[in-house]
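Take the sequence shown: its position 148, counting from 1, is numbered 148 in full-length UniProt numbering, and each next residue is one higher. Ideal placement from N, C-alpha and C gives every residue a C-beta, glycine not left out. Let me begin by presenting the structure, written as structure tokens, before commenting on it.
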Amino acid sequence: MSVKLNEKLLESLQVAIQQQNNRFIQETLKDKHAADISVLLDQMDALESKYILRLLNPEMSADIVADLEEDTRKGFLKNFSSEELAGLMDYTDSDDAADILNDQPVKVREEVIALMQNSEKAEYIIDLLHYEEDCAGGLMAKELIKANINWNIKQCIEEIRRQTKNVEKVYTVYVVNDKDTLLGRVSLKKIVLSTDDTKIKDIYVSNIQTVQTYYSEEEVAEIMRKYDLEVVPVVNVQGKLLGRITIDDVVDVITEQAELERQIMSGLSETAEVDDSIWTLSRARLPWLIIGMMGGLLGAQYMGFFENELKIVPAIAFFVPLIQATGGNVGIQSSTIVVQTLVGNPFDGKSLGSRLFKVLLVAIFNGIVISSLVFGFVMIFNEMNMAFVVAVALFNVVLIASLTGTITPLILDRLGVNPALASGPFITTANDLIGLAVYFTVAKLLFSI
1 MSVKLNEKLL
11 ESLQVAIQQQ
21 NNRFIQETLK
31 DKHAADISVL
41 LDQMDALESK
51 YILRLLNPEM
61 SADIVADLEE
71 DTRKGFLKNF
81 SSEELAGLMD
91 YTDSDDAADI
101 LNDQPVKVRE
111 EVIALMQNSE
121 KAEYIIDLLH
131 YEEDCAGGLM
141 AKELIKANIN
151 WNIKQCIEEI
161 RRQTKNVEKV
171 YTVYVVNDKD
181 TLLGRVSLKK
191 IVLSTDDTKI
201 KDIYVSNIQT
211 VQTYYSEEEV
221 AEIMRKYDLE
231 VVPVVNVQGK
241 LLGRITIDDV
251 VDVITEQAEL
261 ERQIMSGLSE
271 TAEVDDSIWT
281 LSRARLPWLI
291 IGMMGGLLGA
301 QYMGFFENEL
311 KIVPAIAFFV
321 PLIQATGGNV
331 GIQSSTIVVQ
341 TLVGNPFDGK
351 SLGSRLFKVL
361 LVAIFNGIVI
371 SSLVFGFVMI
381 FNEMNMAFVV
391 AVALFNVVLI
401 ASLTGTITPL
411 ILDRLGVNPA
421 LASGPFITTA
431 NDLIGLAVYF
441 TVAKLLFSI
């Protein structure tokens with residue numbers, strides 16, 4: 001979590017738990033945000049965390065449990081009986097409750113739902129458990145405020161008062177017909193400014209963005225980003241209003257997706273956390289490490305073909321690291337920019353020509369600058385021919401690496417493969433081999449060896 005851990009506060013709370021100083025704990029935490037408390041509990045053992053939760057009000061406890069890191073929460077809730085867990089779920093938002101119970105064994109899940117006092121919340125959770133976690137149905141919360149299109153403002157306000165006890169944040173009021181089909185929305189501002197006898201149908205907005213339950217979480221995030229939405233309603237194929245997805249849920253999705261992309265681009269084949277087992281961490285890293293190793297072996301083998309040339313002009317070997325490092329860096333830069341551009345944007349063949357032309361111009365400019373600097377530096381310590389070979393090779397490597405780093409993720413995206421795979425070790429290894437080929441070919445031609 002991004003909230004900074006207060007080490008002194010953590011230590012004082014642990015001492016208070018040992019001394020059973022309940023008053024100190026309650027006074028210390030009464031004005032704290034649930035997210036801040038969850039950071040503290042992440043660093044405590046399960047029994048300490050449970051001790052603190054028992055001293056807080058149910059609503060706060062539910063929010064804290066929902067904010068806990070997933071691995072911490074799983075271990076923590078093992079110490080809860082079905083009755084205690086049911087008490088927490090009564091005060092937890094339906095989407096968070098479904099996520100929490102989805103991690104529990106089926107038997108425990110059924111017991112908890114059966115023991116919940118809030119029967120409406122229990123029904124919400126049962127409904128949400130039918131959806132996959134990574135789709136709109138799995139992201140949505142059932143709690144929302146809706147009003148019938150035939151109501152007037154007075155009826156609408158009365159309904160808002162009735163429904164808000166179950167809705168933590170009210171963004172808008174959804175307008176439905178007698179069959180709960182979503183027709184539009186009406187803002188709280190319009191409701192407040194309208195007279196009691198004003199009809200909802202006269203002030204509501206019908207043109208709204210919606211998502212269906214089967215939409216992927218990435219599609220939901222893109223829609224909310226594109227239209228700058230704080231909340232988006234979820235409907236089924238018949239248009240019936242089922243729930244809503246709020247911006248905080250989408251922020252979590254974006255964060256997780258960014259973390260996944262970072263790990264893939266750094267050469268991890270699957271998501272991995274610091275606290276994972278040695279086997280899990282190794283399994284995530286080894287595939288791309290092996291590919292990188294094979295690329296290095298191929299590079300060494302390729303250099304072996306030029307053994308005689310290296311004997312004649314040993315200085316050629318001095319600049320191999322420069323060629324490889326420059327090619328890898330340029331390729332990584334190009335592929336990273338393309339991957340970021342492709343996030344949420346489908347492949348557009350019409351823009352490929354202009355994109356490649358722009359990349360080519362940038363590569364030519366960068367190649368001229370870098371090769372000129374290197375030419376001047378090499379001239380100080382070597383003869384003209386060596387400086388010319390390195391500069392020409394470096395210019396071509398920059399050019400080829402830029403195009404490779406741009407085209408590869410575009411092709412992968414076109415084939416339906418995650419374009420982030422084109423970054424990191426893949427591009428580095430490919431450009432190492434290409435760079436060596438270009439360098440030694442130029443050296444052989446210009447030195448006539």
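With 16 other Cβ atoms within 10 Å as the buried cut-off, status of residue 233: So residue 233 ends up on the buried side.
Straight-line gap, residue 252 to residue 371 (C-alpha atoms, nearest Å): So the two alpha carbons sit approximately 44 angstroms from each other.
Compare the beta carbon distance of residue 404 and residue 434 with 8 angstroms and say whether it is the shorter of the two. In this structure, the beta-carbon distance from residue 404 to residue 434 falls below 8 angstroms.
Whole beta strand (DSSP E) elements within the segment 159-217, 3-residue minimum: The segment 159-217 contains these whole beta strand (DSSP E) runs: 173-176 and 182-186.
So which of 205, 63, 236 and 128 has the shortest CA-CA distance to residue 168? Distance from the Cα of residue 168 is smallest, within the candidate group 205, 63, 236 and 128, for 63.
Sufficient close CB pairs (3 or more, under 8 angstroms) joining the segment 123-134 to the segment 191-210: Touching, no.
Span separating the alpha-carbon of residue 303 from that of residue 397: Between residue 303 and residue 397, the alpha-carbon positions lie close to 17 angstroms from each other.
Just mark residue 354 as buried or exposed, buried being the case when its beta carbon has 16 or more other beta carbons within 10 Å. Label assigned to residue 354: exposed.
Could you tell me whether the segment 293-310 touches the segment 369-387, using the rule of 3 or more Cβ pairs below 8 angstroms? Judged by pairs of C-beta atoms under 8 angstroms, the segment 293-310 does not touch the segment 369-387, as fewer than three such pairs exist.
Starting from residue 148, follow its DSSP beta bridges and name the residues at the other end. The partner list for residue 148 (beta bridge, DSSP) reads 176.
What's the gap between the Cα of residue 144 and the Cα of residue 173? Between the alpha carbons of residue 144 and residue 173 lies a distance of about 8 angstroms.
Using DSSP with H/G/I as helix, E/B as strand and the rest coil, what is residue 255? Helix, per DSSP.
Quick one: give me the first and last residue of the alpha helix (DSSP H) that residue 404 is part of. 384-414 is the extent of the alpha helix (DSSP H) around residue 404.
Proximity of residue 320 and residue 447 at Cβ, strictly below 8 angstroms: Taking 8 angstroms as the Cβ cut-off, residue 320 and residue 447 do not qualify as a contacting pair.
Any 3 or more C-beta pairs closer than 8 angstroms across the segment 147-154 and the segment 188-204: Contact between the segment 147-154 and the segment 188-204 is present: 3 or more CB-CB pairs across the two stretches fall below 8 angstroms.
Does DSSP put residue 233 in a helix, in a strand, or in coil? The answer is strand: DSSP assigns residue 233 an E or B state.
Close beta carbons around residue 26, own chain, < 6 angstroms, minus the five adjacent residues each side: The beta carbon of residue 26 is closer than 6 angstroms to those of 55 in its chain, skipping five residues each way along the sequence.
Complete beta strand (DSSP E) runs within the segment 99-157 (minimum length 3 residues, chain order): Listed in chain order, they are 146-148.
Nearest to residue 20 by alpha carbon, out of 105, 37 and 52? Here the closest residue by C-alpha is 52.
Taking DSSP as the reference, what is the three-state secondary structure of residue 243? If DSSP states are grouped into helix, strand and coil, residue 243 belongs with the strands.
Please state the DSSP three-state secondary structure of residue 454. As displayed, the chain neither begins before 1 nor continues past 449, which places residue 454 out of reach and without an answer.
How about residue 100 and residue 73: do their beta carbons lie closer than 8 angstroms? Yes.
Taking the Cβ atom as the reference point for each residue, do residue 245 and residue 139 lie within a distance shorter than 8 angstroms? If you check the CB distance, residue 245 and residue 139 come in under 8 angstroms.
What does a CB cutoff of less than 7 angstroms around residue 386 pick up in its chain, not counting 5 residues either side in sequence? Contacts found: 315 and 378.
One question on the structure: do residue 96 and residue 66 come within less than 8 angstroms of each other, judged by their Cβ atoms? Their beta carbons are under 8 angstroms apart, which means residue 96 touches residue 66 by this criterion.
Just to confirm my understanding: we take residue 132, look at its own chain, exclude 5 residues before and 5 after, and list those with CB closer than 8 angstroms. What are they? Excluding residues within five positions, the ones whose Cβ falls inside 8 angstroms are 138.
Which term fits residue 109, buried or exposed, when burial requires 16 or more other beta carbons within 10 angstroms of its beta carbon? Residue 109 comes out buried.
Give the C-beta separation of residue 146 and residue 242 to the nearest angstrom, bearing in mind that I take them to be a contact with Cβ-Cβ under 8 angstroms. Contact flag wrong, Cβ pair sits at about 11 angstroms.
Buried or exposed for residue 322, going by 16 or more other Cβ atoms inside 10 Å? With a threshold of 16 other beta carbon atoms within 10 Å, residue 322 meets it and is buried.
Distance, residue 115 Cα to residue 257 Cα: About 35 angstroms.
Unbroken alpha helix (DSSP H) run spanning residue 317, endpoints: Note, residue 317: premise wrong, no alpha helix (DSSP H); not H, not E.
When the Cα atoms are used, what is the spatial distance from residue 412 to residue 230? In this structure, the CA atom of residue 412 is about 32 angstroms from the CA atom of residue 230.
When you compare the CB positions of residue 438 and residue 400, do they come within less than 8 angstroms of one another, or not? Yes; because the gap between Cβ atoms is below 8 angstroms, this pair is in contact.
Own chain partners of residue 500 with C-beta closer than 7 angstroms, once the 5 adjacent residues on each side are dropped: This structure cannot speak to residue 500, because the chain is shown only from 1 to 449.
Give the range of the alpha helix (DSSP H) segment to which residue 12 is assigned. Residue 12 -> alpha helix (DSSP H) spans 7-18.
Buried versus exposed call for residue 224 [16 or more other C-beta atoms within 10 Å across all chains shown]: Burial of residue 224 is indicated by the presence of at least 16 other C-beta atoms within 10 angstroms of its C-beta.
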